[in-house]
């Protein structure tokens with residue numbers, strides 16, 4: 007009986023770790039795509055650099071915010 011309870015806890019901890027890792031990887035990919043697309047847009051229209059930069063920063067902040075929540079949820083699954 008105890009081994010079944012410990013197995014459930016171990017599976018939850020592994021799931022939390024995998025989820026936190028995937029969230030961090032997803033945030034890295036998302037921010038990389040945002041930056042790459044912004045650089046392409048700036049190369050095509052240099053007069054819009056200010057607008058593109060502010061939009062890029064807002065989008066990157068939103069991606070980071072979602073990733074932070076996902077990583078915290080993964081860490082809570084590991085700890086609790």
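In this note's numbering, the protein residues as written are 7 to 86. All residues carry an ideal CB built from backbone N, CA and C; glycine is no exception. Keep in mind the model is a prediction, meaning the values are calculated, not measured.
Three or more Cβ pairs closer than 8 Å define a contact, and the stretch 31-50 meets that threshold against the stretch 63-80. The beta carbons of residue 27 and residue 83 sit no closer together than 8 Å. Secondary structure at residue 86: coil, using DSSP grouped into helix, strand and coil.
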